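Inspection log for the structure reproduced underneath, given as structure tokens.
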Amino acid sequence: QLLGPLLARPDIFWVNLQHGPARGDIGTQLWTNPEIDPAGDFDPLAAQIAALDIVVSVSNGTAHLAAALGKPTMLMLPKVLGRHWYWFPERDSNPWYPSVRTFVQETD
């Protein structure tokens, strides 16, 4: 709901990288390639990520793949201490994934 205005912008072409049962949860504003199944084969997903300007994600396999490819990635993390330590949310830079910028939830 909070991302609705951003997803509705006509000057941004959104690509759905979500997989599994939640794939349709984000809404119809995102283009989804039904031939790519991130749960089954990461190669087509990696090619799709490589073609994007930036990836916006939560902590999941897609975020790790985007970061490993060096793709600029904006990562949204929940307000839970210690849960996502491997993203180094308390630091400005990530030693494993320098292309990742984390955004930690500030309110409940």
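In short: position in the sequence shown from 1, add 5, done, that's the numbering used here.
Ideal Cβ positions, reconstructed from N, Cα and C, are used throughout, including at glycine.
Note that the structure is a prediction, hence the values are computed from the model and not measured.
Tell me which same chain residues have a C-beta within less than 6 angstroms of the C-beta of Tyr-91, skipping the five on either side of it?
-> Along the sequence shown, one-based indexing puts residue 91 at 86. If we look at Tyr-91 and ignore the five residues flanking it on each side, it has no Cβ neighbours.
Can you tell which of Gly-45, Gln-53, Ala-44 and Asp-46 has the C-alpha that lies nearest to the C-alpha of Trp-19?
-> Numbered from its first residue, the sequence shown carries residue 19 at position 14. Taking only the C-alpha atoms, the option nearest Trp-19 is Gln-53.
Where does Phe-47 fall in DSSP's three states?
-> Residue numbering aside, residue 47 sits at position 42 when the sequence shown is read from its first letter. Phe-47: helix per DSSP, three-state reduction.
Cβ neighbour criterion (16 or more within 10 Å) applied to Lys-84 = Position 79 of the sequence shown, counted from the start, is the residue given in the question as residue 84. By the neighbour-count rule (16 or more Cβ atoms within 10 Å), Lys-84 is not buried but exposed.
Collapsed DSSP secondary structure at Thr-67 in the structure displayed = Counting from 1 along the sequence shown, the entry for residue 67 is found at position 62. Three-state DSSP puts Thr-67 in a helix.
Would DSSP call Trp-36 helix, strand or coil?
-> Numbered from 1 along the sequence shown, position 31 holds the residue referred to as residue 36. DSSP places Trp-36 in strand when its eight states are reduced to three.
Taking the alpha-carbon positions, what's the Gly-66 to Gly-9 distance?
-> Locating residue 66 in the sequence shown gives position 61, counting from the first residue. Locating residue 9 in the sequence shown gives position 4, counting from the first residue. Distance between the alpha carbons of Gly-66 and Gly-9 is about 24 angstroms.
Cross-strand partners of Arg-14 (DSSP beta bridge) | On the sequence shown, residue 14 is found 9 positions in, with the first residue counted as 1. Beta-bridge pairing links Arg-14 to no other residue.
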